[in-house]
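Q: For what it's worth, numbering that gives the first Met the number 0 labels the leading residue of the sequence shown as 0, then goes sequentially.
Virtual Cβ for every residue (Gly too), placed ideally from N, Cα, C.
Note that this is a predicted model, so its numbers are computed, not measured.
If you scroll down you'll find the structure; I have some questions about it.
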Amino acid sequence: MRFRYAMVCSSNQNRSMEAHALLKRQGLDVASYGTGSHVKLPGPSLREPNVYDFGTPYKQMFDELRRKDPELILSVKLAPQRWQDNAGDGVFDVVMTFEEKVFDSVLEDLNNREQSLMKTILVMNLEVKDNHEEAAIGGRLALELCQEIEGNESWEDTIDDIVAGSKIMKKSQETQEDSLQQESRYQLHQIFISKIFKSHRFFQALVLYSLLIGFGFGLGFILNVHIRNVSFNPQLFRLSALPPSLSSSFSTPLQPQPEKVVSLNDTVVATDDGDEGQKGHSLVKPENVMHNMTEEELFLRASKIQEKTLKKTKKVAFMFLTRGKLPLAKLWERFFKGHDGLFSIYIHTSDPFYVDDDIPETSPLYRRRIPSKEVGWGMVSMVEAERRLLANALLDAGNHRFVLLSESDIPLFNFSTIYSYLTNSQHSYVDVYDLPGPAGRGRYNRRMSPVISRRNWRKGSQWFEIDREVALAVVSDTTYFPVFKKHCLSNCYSDEHYLATLVHVMFPGKNANRSLTWTDWSRRGPHPRKYTRGSVTGEFLRRMRNREQGCVYNGKKSENCYLFARKFDGGCLDKLLYFAHRVLGF
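Structure (C-alpha cells):
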C-alpha cells in the first residue's frame, strides 16, 4: 500500500461508509469521517430524523433503530467520527468527499490547521446523492479511482487520464443523454502544505480542473452502513474565477459617532385585516419567530404588508444566514445592547434541525430562528433562504432596511452609526457589475431569454443592504426567480446573479452598486480570505473602517464605505470583544 485514504460525507453513515467498506475489502489503508454537527439517520419523516452525536457506537444506533425498524445495518468500524475532531490522528494522501459542502468543510479545516510536514494531498469531490443506489455507485467509483492511483507511479501528472479512463466515466459517456439530475460534479484540488513565519501554517489551494461526470444508473448497489430511504438533495458546484482583489489601501480612521439610546414608545405591526397598524403591539421582540405558515402563505402575506409608522421610527432587520450557531454571538449581543426597538433579528440555519438551546433568554438572539431549510453553497437554495429571511422580516411593518449577514460577519461601527447610515441613505446597497468571461457572462443560460436577456445579466456579492421597496420586490417576484430556479443550475451560482440582475433591471436608479460588507478576495480560491485570531489588530480594523479613495454616500464623497466585514472565525471572538470598545465604538 502506497497511500492512505480518507472517505468523507456529512454523517459518516452512508456514502463514506460504502466507499470505506469497499476499499477496506480490497486491502487499502482507509478511514472515514463526517463533517456535520451531528449524525442524522432517517426517522418517522424527513423533518424528524434520528439524531446522534459523533462517537455514538454503531451498535447502540443499530440496537435503537432495530427496535423501531427491522432493517439491519452492518458494521465497518466502532462509531462515526467527525473529520474536524479526528482526522488529525493520521496524515492522508488522498481525501474523497461525497458532497460539495463536505468538500468545502474539509478544505476549510485543512486551511485552518497547523502543519509542519511538507506534503501534497489530493482532495476530490464526487457529488453523490445520499441514497443506497448512488452511494453504491459512488463507492465503486471511489474504489476504482483509488486503485488506479495506487498503481500509478506518477499519478500527480496523470490524474486526468486516470479519471477519463475509469469504467464508470466511460459508462457515463455512453449515457450522456441522461437528465441533469443524473449528473455529478467531479473536482480535484491539490493542497500544498508549507511552513511560514511565527509557526503559522497554511494550505494553498491549486485548482486543477473541474470535470463533468454523469453517473450511469443500472449498476447494482451494495448495502453497507446505511439505512433505507435516505434521500437528501445533492449540492452541485464548479469552481470559477474570482472577482478582482480588493485594494488594501485605507485612510486614517473616522471617529465613531457617540452612542445614543433612542426609545421607541409606539410601534406598528401589520395585521391580517387590511394591514392596519396597532399601537402597543410590536414584532420587535416577539416570543418566537417560528410559525406554521407554508412558504406560499408566508410569501403571500409578506408581499401584501405595507410599511407604516406612527412616529417615523424605522427599524433595521438584521438577517443572519448561518450553518448553525453564531460563533460571534457575544460580539453581536454587545452591538445590539441598549437599542431595543430599533432593530429586528432573523436567523436562518442551513441545518433545519439546529436547536439554539444554548442562547440565554436575555440575549437579543433568543428565539430568533425562522423556519429553515437546508442550504447548498452556490445553489438556488441559497437564494431561497435569502428570500425566506426577507419574507419573515417583511411581516414586521416597522422594518425599513434589511441587511443580510453570515455567521462570520462583524460590525465595523457601533449601532448608532450603522443605524443612521442605513436609515438616512437614499440608496440600496447591492453589488452589481457586468463581468465578461466564464465567471460572469459565461454563466448565462440562453434558455432564460426572453425574460432575462444576456444584456441584463449581472453579477455581484450576495451580501446586501436594501430598503423595503426592494425587499418587497424580491419577495413578490414571480417573473425572474422562477427562471433562475429552472435554468440557473450547477455552475451558474444563482446567489451571485439573481439579486444583482433583478436590481439592475428594476431599480437601476436607486442602487449604489456596491456592498457595505468588506470581503477580501485577494487570495485566489473558491472562498474569500478567512481571518483568524492572529489577524485581528486595532490597526487592521481601523483600515477596514475607512477607505482613503472613498466612496459616494447620498451624492457626497465619504470615507465610510463598509459597515460590516467578513470572514472571521470563532477564535477571533476574544480579540474582537477587546477592540469593540477601543476601535469599533461599542
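Helix, strand or coil for TYR4, going by three-state DSSP, please let me know.
A: Strand, per DSSP.
Q: Could you have a look at VAL429 and say whether DSSP puts it in helix, strand or coil?
A: Three-state DSSP puts VAL429 in coil, outside helix and strand.
Q: Measuring straight from C-alpha to C-alpha, what distance separates LEU125 and ALA301?
A: Cα-Cα distance, rounded: 39 Å.
Q: CA-CA distance, ASN545 and ASP356?
A: For ASN545 and ASP356, the distance between alpha carbons rounds to 38 Å.
Q: Tell me the residue span of the beta strand (DSSP E) that contains CYS550.
A: Unbroken beta strand (DSSP E) run through CYS550: 550-552.
Q: Could you please give the first and the last residue of the uninterrupted beta strand (DSSP E) stretch that includes PHE319?
A: 314-321 is the span of the beta strand (DSSP E), which, as asked, contains PHE319.
Q: Quick check: the region 452-460 against the region 374-388, are there 3 or more CB pairs under 8 Å?
A: Because the criterion of three Cβ pairs below 8 Å is not met, the region 452-460 and the region 374-388 do not touch.
Q: Take ILE304 as the anchor and find which of ALA470, TYR443 and LEU325 has the nearest alpha-carbon.
A: When each option's Cα is compared against that of ILE304, the closest is ALA470.
Q: Thinking C-beta only, is GLU373 closer than 8 Å to THR321?
A: No, the pair does not count as a contact, with Cβ atoms beyond the cut-off.
Q: Compute the Euclidean distance between the alpha carbons of PRO326 and SER448, then round it to the nearest angstrom.
A: Near 42 Å, if we compare the C-alpha coordinates of SER448 and PRO326.
Q: With a threshold of 7 Å (Cβ to nearest heavy atom), would ARG81 be considered close to the ligand GTP?
A: For the ligand GTP, the structure offers nothing, since it holds no ligand at all.
Q: Which residues in the same chain have their Cβ closer than 8 Å to the Cβ of ALA78, if we skip the five residues on either side of it in sequence?
A: The residues are PHE53, GLY54, THR55, PRO56 and TYR57.
Q: Compare the C-alpha of ARG565 against each of ARG528, TYR552, GLU558 and ASP573 and name the closest.
A: Residue ARG528 is the option with its Cα nearest to ARG565.
Q: Report the CB separation of TYR32 from ASN110 in whole angstroms; it is logged as a contact under 8 Å.
A: Actually they do not touch by this definition, with Cβ atoms about 17 Å apart.
Q: Hey, is the region 440-456 in contact with the region 418-427, meaning 3+ C-beta pairs nearer than 8 Å?
A: These segments do not touch.
Q: With distance defined between alpha-carbon atoms, name the residue in ASP62, LEU140, PHE483 and LEU341 nearest to LEU501.
A: That would be PHE483, whose Cα lies nearest to the Cα of LEU501.
Q: Report yes if the CB atom of TRP376 is closer than 8 Å to the CB atom of ASP103, and no otherwise.
A: Yes, Cβ-Cβ distance for TRP376 and ASP103 is below 8 Å.
Q: Do VAL94 and VAL7 have their C-beta atoms within less than 8 Å of each other?
A: Cβ atoms of VAL94 and VAL7: closer than 8 Å.
Q: Residue range of the alpha helix (DSSP H) that PHE539 falls in?
A: Looking at the DSSP string, the run of the alpha helix (DSSP H) that includes PHE539 is 537-544.
Q: Could you give the residue range of the alpha helix (DSSP H) that holds VAL504?
A: Taken as a continuous stretch (DSSP letters only), the alpha helix (DSSP H) holding VAL504 covers 497-505.
Q: Given a cut-off of 8 Å on the beta-carbon distance, is the pair ARG14 and VAL105 in contact?
A: Not in contact: ARG14 and VAL105 (Cβ atoms no closer than 8 Å).
Q: Can you tell me whether DSSP reads ILE346 as helix, strand or coil?
A: Strand.
Q: Measuring straight from C-alpha to C-alpha, what distance separates LYS437 and CYS487?
A: A small fix is needed here, since residue 437 is Pro in this sequence, not Lys. Between PRO437 and CYS487, the C-alpha separation is close to 14 Å.
Q: From PHE567, ALA134, SER371 and LEU393, pick the residue whose C-alpha is nearest to that of THR293; which is it?
A: Nearest C-alpha to THR293: SER371.
Q: Where does ASP494 land, buried or exposed, given buried means 16+ other C-beta within 10 angstroms?
A: Its Cβ being crowded by 16 or more others within 10 Å, ASP494 is buried.
Q: Tell whether a beta-carbon distance below 8 Å holds between ILE344 and PRO363.
A: Yes. Within cutoff.
Q: For LYS458, does the three-state DSSP call read helix, strand or coil?
A: Looking at LYS458 - three-state DSSP - the assignment turns out to be strand.
Q: For PHE539, which of ASN398, ASN490, LEU411 and LYS314 has the nearest alpha-carbon?
A: Comparing Cα-Cα distances from PHE539 to each of ASN398, ASN490, LEU411 and LYS314, the minimum goes to LEU411.
Q: Within 10 angstroms of the Cβ of GLY138, are there 16 or more other Cβ atoms? Answer buried if so, exposed if not.
A: Buried: at least 16 other Cβ atoms inside 10 Å.
Q: Over the uninterrupted beta strand (DSSP E) stretch that includes SER405, give me the two end residues.
A: Segment 398-405, the beta strand (DSSP E) holding SER405.
Q: Are ARG142 and GLN25 close, meaning C-beta to C-beta below 8 Å?
A: Checking the sequence shown, residue 142 turns out to be Leu, not Arg. Yes, the pair counts as a contact, with Cβ atoms nearer than the cut-off.
Q: Give me the residue from PHE2, VAL122 and MET16 with the minimum Cα distance to GLU149.
A: Out of PHE2, VAL122 and MET16, PHE2 has the C-alpha closest to the C-alpha of GLU149.
Q: What is the residue span of the alpha helix (DSSP H) that ASP103 lies within?
A: Element bounds for ASP103: 99-111.
Q: Output the distance between the C-alpha atoms of LEU599 and ALA390, rounded to the nearest integer angstrom.
A: Limits of the chain in this structure are 0 at one end and 585 at the other, which puts residue 599 out of reach.
Q: Name the two residues that bound the continuous beta strand (DSSP E) containing TYR577.
A: Not the beta strand (DSSP E): TYR577 falls in the alpha helix (DSSP H), residues 572-578.
Q: Sorted by chain position, which residues of the same chain lie with C-beta nearer than 7 Å to MET543's C-beta, five sequence neighbours on each side aside?
A: Closer than 7 Å at Cβ, skipping near neighbours: LEU411, TRP517, TYR561 and ALA564.
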